[in-house]
Every structure is written in C-alpha cells, then in structure tokens.
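Going line by line, the protein sequences match chains A and B. For the first sequence, my numbering assigns the number 1 to the initial residue and increments by one for each residue that follows. For the second sequence, my numbering assigns the number 1 to the initial residue and increments by one for each residue that follows.
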Amino acid sequence: MKKVFARTRGLTDKPFHYCPGCTHGIIHRLIAEVMCEMDILGETIGVSPVGCTYNNYEYFACDMVQAAHGRAPAVATGIKRVHPDQPVFTYQGDGDLAAIGTAEIIHAAARGEKITAFFANNAIYGMTSGQMAPTTLLGQVTTTSPFGRDAAVEGYPINVSEMLATIRGAVYIERVAVNNFKEISKAKKAIAKAFRVQQQKLGFSMVEILSTCPTNWGKDPVASLRWLEDEMMAQYPLGVFRGGDLEV
Amino acid sequence: MSSRVLMKGNEVIAEAAIRAGCRHYFGYPITPQTEIMNYMARRMKDVDGTMVQAESEIAAINMVYGAAAAGARVMTTSSSPGISLKQEGFSYIAGAELPAVVVNIVRCGPGLGGILPAQGDYFQATKGGGHGDYKNIVLAPASVQELYELTVEAFNLADKYRMLVMILGDGTLGQMMEPVSYRDAEQIETVEKPWHVCGTKDKRQHRTVQSIYIDPDDLEALNDKLQAKYRTVEKQDTMVEMIGCEDAEIIITAFGTSSRISRNVLRLADDLGIKVGMIRPITLWPFPSEAIMEAAAADSVKSFLDIELNAGQMLEDVRLAVNGRKPVHFLGRTGGNLPTQKEIIEKIRTIAGR
Chain A
1 MKKVFARTRG LTDKPFHYCP GCTHGIIHRL IAEVMCEMDI LGETIGVSPV
51 GCTYNNYEYF ACDMVQAAHG RAPAVATGIK RVHPDQPVFT YQGDGDLAAI
101 GTAEIIHAAA RGEKITAFFA NNAIYGMTSG QMAPTTLLGQ VTTTSPFGRD
151 AAVEGYPINV SEMLATIRGA VYIERVAVNN FKEISKAKKA IAKAFRVQQQ
201 KLGFSMVEIL STCPTNWGKD PVASLRWLED EMMAQYPLGV FRGGDLEV
Chain B
1 MSSRVLMKGN EVIAEAAIRA GCRHYFGYPI TPQTEIMNYM ARRMKDVDGT
51 MVQAESEIAA INMVYGAAAA GARVMTTSSS PGISLKQEGF SYIAGAELPA
101 VVVNIVRCGP GLGGILPAQG DYFQATKGGG HGDYKNIVLA PASVQELYEL
151 TVEAFNLADK YRMLVMILGD GTLGQMMEPV SYRDAEQIET VEKPWHVCGT
201 KDKRQHRTVQ SIYIDPDDLE ALNDKLQAKY RTVEKQDTMV EMIGCEDAEI
251 IITAFGTSSR ISRNVLRLAD DLGIKVGMIR PITLWPFPSE AIMEAAAADS
301 VKSFLDIELN AGQMLEDVRL AVNGRKPVHF LGRTGGNLPT QKEIIEKIRT
351 IAGR
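Structure (structure tokens):
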C-alpha cells in the first residue's frame with residue numbers, strides 16, 4: 001500500500017497527553033515537520049514552558065530544556081549565547097508568556113535575541129483548570145472570572161503580537177490559527193519563516209498561534225473551533241504585524 | 001603571566017572567573033557589586049565571551065540556567081535583594097543538576113536595607129532559600145587573594161558536582177583593594193558533560209534538561225541521588241582554617257569580614273594573657289562541624305565566641321556542632337556596622353572573667 005502520510009520524525013513516538021479537540025498537537029506537528037523539512041532537527045534546541053505543554057520535551061525529537069514558569073525566553077537567551085549558530089525556540093502558552101513571563105518576552109524581543117517564540121494563545125489557563133489569562137476575552141467565563149471577564153474589574157485582554165511589533169528588535173511577528181486546513185497551512189509557512197529569520201540572524205521572531213481549549217472552555221471540539229473563529233479572531237486578528245516584507 | 005597587582009575585590013572576582021574559563025556572564029546592576037558586571041562588559045570582548053545585562057535578576061539566573069544546560073561555564077553576581085529574586089532559579093539549577101557559579105556580595109537587610117556590608121544572608125545561602133530539598137556549596141573568602149582563589153575553585157567544584165556554587169562575600173570584600181597574585185595559568189579541571197544540550201546532530205537520541213518528575217518514584221530517585229552527592233561533598237570538600245586552637249581557652253568562630261577583624265584580636269588577647277584561637281569556616285556549606293566538635297571536646301577549651309555581621313546565624317551551626325559541651329557566646333553587629341577590636345576584646349575579657 002502506498003504511504004501518503006506519516007508521523008514526522010521530528011516527534012518522538014510518545015503519545016500526546018492533550019485533551020480531545022485541543023490544538024497543541026497540531027502545533028507540535030507543524031513545528032516538528034518544519035524542523036525536518038529545513039533539516040535543522042539535529043541542530044535545534046527547544047525550551048519547554050510551564051503549562052499544559054510543560055513536558056513537550058518528551059514529544060519533540062530535538063534537544064530540549066524545561067524552564068521555570070515564564071522564563072523560557074531567558075533560558076533560550078542563555079542557550080543561544082552559548083550556541084549562537086544553532087536554532088533555539090521556546091514554546092509558551094498565554095499564562096506563561098503574557099502574564100508571569102511578560103518581562104522576559106519583551107526584553108528578549110528588545111535585545112533582538114536570535115530566538116523564535118511559538119506562542120499558543122487559547123485565552124485561558126489550561127493546566128490549572130481554566131483560570132482567567134491576560135488574553136481572556138471580555139465576557140469570557142473562567143473559574144476566576146465566573147461572571148464573565150468584566151473590564152471594570154478584570155481589565156482588558158493583551159494583544160501580545162501587536163505590542164511586540166512596536167519593538168525594533170522583533171523583526172518578524174505573525175499571528176496565525178490552526179482551525180482549518182487553509183490556516184494550518186499558513187501557520188506552517190509562518191513557523192518556517194520564523195526559523196529562517198533566526199537562521200539569518202536578523203533578530204527576534206514570534207509566531208502567535210490561536211489555539212483551542214475545549215475542556216476549559218466547556219465546549220465540544222467543533223464548537224470550540226467556531227468560538228475561536230467568531231470570538232477570538234475578532235479580538236486577535238490574524239496577520240503579519242512585523243516583517244511582512246522580509247524576504248527570507 | 002603570573003603577576004601581582006593591586007585590585008578591587010569585585011574586579012578580581014570577574015578576572016578570576018575569566019581565568020577559570022567563564023565566557024558567559026549574565027547580571028543585573030546592584031550595589032555593592034556592580035563593578036563585576038562593568039569589568040565583564042569590557043573584558044568579555046577581549047576573550048570572545050558574552051556579557052548580557054538582563055532585565056532582572058530573575059531573567060539573569062534563568063539565562064545562567066540556559067547557558068549551563070548548554071554546557072558553558074557560566075556566572076551571575078548580585079547582592080542580597082537581587083539574590084532573593086534568584087532563589088527560584090537556584091532551586092531549578094539544583095533540580096536539573098547544572099553547574100553554575102553565583103556571587104553574593106552581601107549588603108545589610110532586611111528589605112532594601114542598606115548598601116553597607118553584612119552577613120545576614122548566611123541562612124539563605126546555607127539552608128536553601130528556594131523551594132525543595134537542595135544544597136548549594138557556599139564559599140566564604142576573607143581576602144581579595146582568596147576571592148581569586150575561591151572563584152577559580154568555585155568553577156571546578158560546580159563542574160565536579162553539577163551543583164551551584166555560591167561565593168558569599170560582603171560589601172567590604174567587594175569594595176576593598178588589596179594586592180592579588182595571579183598564577184601563570186589556571187588549573188582548569190575540564191569534565192565531560194554528556195548531559196548538556198547542543199543538538200542531536202542526528203546522531204543520538206534527544207536530550208532533555210529538566211527538574212520536573214511527575215512520577216513520585218522518579219522524583220524520589222532524584223532526591224536520593226542529590227542527597228548522596230551532598231554527603232560526598234561534605235566528605236571531600238569541606239574547607240576550614242584553624243588558627244592557634246591548640247591550648248586555646250576561647251575559640252572564636254567567624255567567617256569572611258568578621259574573621260578578618262577577629263584575626264587581629266588574637267594577638268591582643270594573647271598580650272592580656274588570654275589564649276584565644278579561631279576556627280574560620282571557608283566552606284559555609286558543607287559546614288566544618290567536625291573541626292568544631294573536636295575543639296569542643298578539648299579540655300583546654302572553655303568556651304566559644306561566635307562573631308558575625310548579623311544577629312546570630314552561623315551561631316546555630318556552631319551550637320549544633322558544640323552540642324552543649326561548652327558555652328557558645330555571641331557578638332554581632334547589624335545595619336552595616338562592624339564590631340571593633342575593642343568591643344571584641346571586652347567581650348573576651350568578660351567571658352574569661354579577667
């Protein structure tokens with residue numbers, strides 16, 4: 001029988017622990033496929049965060065370092081300064097990157113640190129079971145905003161990509177989604193471009209990937225994708241915020 | 001070239017680190033240790049190394065974690081409030097078994113406190129500070145020459161044990177100028193690091209550096225391994241200086257700057273006909289308990305006098321070692337003040353009853 005699709009060797013054989021309908025698995029596969037297609041798997045060093053993807057060091061087949069909550073960009077900086085010619089990436093969620101690790105991501109971008117951040121934004125804390133994140137939408141119900149996020153009490157969502165795009169050291173910033181085939185394909189292109197930007201030592205790059213959390217959103221997988229398209233994309237429009245004209 | 005030069009303590013730490021093969025430094029400015037960072041900013045250029053001024057002490061220690069995981073000899077330096085911020089990173093470094101060197105040029109606290117010298121971070125340095133069951137090797141230099149020697153030694157010990165080694169100095173040592181004799185070349189004990197991340201080169205299984213173990217048996221195995229390692233450090237690398245302890249009636253225990261002041265007092269006491277010796281721990285962890293236990297068992301020794309720039313911290317370890325055999329007295333100053341020789345002599349006379 002002809003093999004038309006195979007698991008990428010950029011991932012180990014370890015089965016994912018993610019919930020049904022969660023899109024972390026798709027994002028992992030895209031990053032792994034890109035590393036293989038660019039032939040950088042043997043050179044790349046990744047940094048795992050704290051959150052649902054804390055143990056993705058077991059999934060990616062490249063060398064990995066597990067970091068403290070929010071500190072992945074600082075850890076990646078240390079690695080990159082030792083191995084300046086090797087690709088270094090972080091994989092972070094919205095609690096990790098946009099709350100406790102805000103300083104680290106902003107300053108990694110400001111230094112033009114030649115690393116790539118993959119930022120999975122699902123508007124909620126997944127691992128700790130559904131608390132409000134900095135990216136939680138107005139009106140969104142979480143365990144710590146049980147009446148819906150109220151701007152007067154809980155403030156407003158942070159648009160990280162737009163914010164980082166104001167920093168000169170951040171040379172490539174794009175927001176993508178993995179809700180359908182077309183967007184998944186665009187997400188993969190963005191991931192590859194971010195790695196190329198890093199290879200060419202142009203500066204900091206980040207790909208924000210809108211992701212689902214059916215378990216903590218309290219929705220089935222299909223309804224979750226619809227909510228991502230209808231609600232999340234209104235707050236977090238897809239597009240290139242910096243480096244759109246970069247030819248790499 | 002071996003050379004004898006007059007240098008400031010903080011700059012000697014930086015130079016010693018470079019001589020020990022450190023090519024990666026991550027820091028954040030804080031008085032009274034910022035000269036280390038300034039020196040690194042200039043010198044790292046000559047030796048093709050990197051100095052990164054981080055956005056915070058937290059970021060700096062996590063950069064250290066990353067660089068150590070990547071296999072480099074790496075250092076960060078700070079002072080008390082900054083060291084408090086780094087404690088999270090210390091715990092992760094211990095859990096992931098990474099070699100790293102950290103310098104704490106202690107200032108007086110608590111809180112923002114002041115910028116003058118103190119030894120109030122003894123508990124934090126030797127008993128943990130961060131979460132979980134772990135130890136750091138803590139070295140306590142008492143001169144600029146020793147800052148050089150022990151900084152080089154710190155890198156060797158860090159690599160040997162895959163541990164964080166802390167140099168616990170204070171504002172006096174960091175800021176004072178003294179002659180220092182550099183060796184021609186350092187004995188850099190290079191060790192294999194088969195655990196460090198450098199890319200698989202498609203030739204081996206991927207490696208991970210981590211401190212998380214969800215399975216309780218795996219985590220207990222790590223803890224057992226760490227504790228066994230700590231017992232080895234205690235056995236092999238405890239350092240202590242004993243001065244005139246034979247026939248001493250009173251034994252002073254002191255480290256770092258307080259041992260410098262105390263050292264001058266030994267002769268003054270002798271002139272008064274009171275025989276005073278001194279036990280100076282060079283490693284605060286592992287603590288030289290045996291040396292103190294032996295002294296406590298000697299008939300000639302009537303009592304101990306612990307002298308520190310704090311309200312009595314090493315005092316607890318001294319008392320544990322003495323174990324009630326002899327009285328342990330204490331003289332301490334805080335707030336950045338130093339005990340004078342006169343104060344110490346008066347205390348000795350009171351204890352001796354003459």
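Heads up, the beta-carbon is just placed ideally off N, CA and C, and yes, glycines get one too. On a predicted model such as this, the values are computed, not experimentally measured, just so you know.
Q: Please work out which residues of its chain come closer than 6 Å, Cβ to Cβ, to Ala192(A), disregarding the five sequence neighbours upstream and downstream, and give them in chain order.
A: Excluding positions up to five away in sequence, the list reads Val34.
Q: Have a look at Glu343(B) and Lys135(B) and give me their C-alpha separation to the nearest angstrom.
A: 35 Å
(Q) Check this for me: beta carbons of Ile115(A) and Phe89(A), under 8 Å apart or not? (A) Result yes, Cβ atoms of Ile115(A) and Phe89(A) sit closer than 8 Å.
Q.
So Gln86(A) contacts chain B; which residues on that side make the cut at Cβ distance below 7 Å?
A. The answer, in chain order, is Gly199.
Q | For Tyr92(B): DSSP bridge partner residues | A | None; Tyr92(B) has no bridge partner.
Q: Spatial neighbours of Gly332(B) within its chain, please: CB distance less than 6 Å, with the 5 preceding and 5 following residues excluded, ordered by chain position.
A: Glu308, Asn310, Ala311, Gly312
Q.
Between the region 175–186 of chain B and the region 197–217 of chain B, can you find at least three pairs of beta-carbon atoms closer than 8 Å?
A. no
Q. What runs of the alpha helix (DSSP H), each 4 residues or longer, lie entirely inside the region 52–106 of chain A?
A. 72–82
Q) Using the rule of at least 16 other Cβ atoms within 10 Å of the residue's Cβ for burial, across every protein chain shown, is Val176(A) buried or exposed? A) buried
Q. Can the beta-carbon of His24(A) be found less than 8 Å from the beta-carbon of Thr53(A)?
A. yes
(Q) Counting beta carbon pairs with one atom in the region 17–33 of chain B and one in the region 95–110 of chain B, are three or more of them shorter than 8 Å? (A) yes
Q.
Would Glu249(B) and Ala352(B) be called neighbours here (beta carbons separated by less than 8 Å)?
A. yes
Q. Hey, how far is the Cα of Tyr272(B) from the Cα of Glu290(B)?
A. The sequence as given places Leu at residue 272(B); Tyr does not occur at that position. Between Leu272(B) and Glu290(B), the C-alpha separation is close to 30 Å.
Q) Residues bridged to Asn121(A) by DSSP? A) Leu210(A)
(Q) What residue range does the alpha helix (DSSP H) around Arg43(B) cover? (A) 34–46
Q. Curious, which full-length beta strand (DSSP E) runs of at least 3 residues does the region 297–340 of chain B contain?
A. 303–308, 328–332
Q | Rounded Cβ spacing between Val103(B) and Ile167(B) (contact assumed at less than 8 Å) | A | Indeed, because the Cβ distance is near 4 Å, the residues count as touching under 8 Å.
Q.
Could you give the first and the last residue of the continuous alpha helix (DSSP H) run that contains Asn223(B)?
A. Counting along the chain, the unbroken alpha helix (DSSP H) around Asn223(B) starts and ends at 216–236.
Q | chain A contact residues for Ala100(B), given Cβ-Cβ distances below 7 Å | A | None at all; the shortest Cβ gap to chain A is about 10 Å.
Q.
Counting only Cβ-Cβ distances shorter than 8 Å, please list the residues of the region 16–46 of chain A near chain B, keeping chain order.
A. Under the 8 Å Cβ criterion, the region 16–46 of chain A contributes Leu41, Gly42, Glu43, Thr44, Ile45.
**Q.** Residue(s) in a DSSP beta bridge with Thr253(B)
**A.** Partner(s): Ile279(B), Asp306(B).
Q: Using a cut-off of 7 Å between C-beta atoms, extract the partners of Ile158(A) located in chain B.
A: Within 7 Å Cβ-Cβ: nothing; Ile158(A) doesn't reach chain B, min ~18 Å.
Q: Mind checking the region 72–83 of chain A against chain B and listing, in chain order, the residues whose C-beta falls within less than 7 Å of any C-beta there?
A: Ala74, Val75, Ala76, Thr77, Gly78, Ile79, Arg81, Val82, His83
Q | Any chain A beta carbon closer than 8 Å to Arg207(B) | A | The beta-carbon of Arg207(B) is placed less than 8 Å from the nearest beta-carbon of chain A.
Q: Would you check if the region 136–146 of chain B and the region 58–68 of chain B touch, i.e. whether three or more CB-CB distances between them fall below 8 Å?
A: no
Q) Whose C-alpha, out of Met206(A), Asn159(A), Gly126(A), is nearest the C-alpha of Leu138(A)? A) Asn159(A)
(Q) Quick test of your reading: Ala72(A) and Pro49(A), contact by CB under 8 Å. State the CB separation rounded to the nearest angstrom. (A) 5 Å
**Q.** For Pro194(B) and Gln119(B), the rounded distance between their alpha carbons
**A.** If I take the Cα positions, the gap works out to 37 Å.
Q: Note down, in chain order, each residue of its chain lying with its Cβ closer than 7 Å to the Cβ of Ala140(B), except the 5 sequence neighbours on either side.
A: Leu168, Phe255, Gly256, Pro281, Ile282, Leu284
Q) Hey, is Ala14(B)'s beta-carbon within less than 8 Å of any beta-carbon in chain A? A) Contact of Ala14(B) with chain A is not assigned, every C-beta pair being separated by 8 Å or more.
Q: Identify the contact partners of Ile212(B) in chain A, using a Cβ-Cβ distance below 8 Å as the criterion.
A: Here the neighbours are Tyr54, Asn55, Gln66.
Q) By the criterion of Cβ-Cβ separation under 9 Å, what are the contact partners of Phe26(B) in chain A? A) By Cβ distance, chain A contributes Ala74, Thr77, Gly78, Arg81.
Q: Using a Cβ-Cβ cut-off of less than 7 Å, give me the residues of the region 301–322 of chain B that come near chain A, in sequence order.
A: none
Q: Return the first residue and the last residue of the alpha helix (DSSP H) that Gln198(A) is part of.
A: 181–199
Q | DSSP-derived helix/strand/coil call for Ile18(B) | A | Helix, per DSSP.
Q: Kindly list, in the order they appear in chain A, the residues whose Cβ is closer than 8 Å to that of Thr50(B).
A: Within chain A, the residues near Thr50(B) are Arg81.
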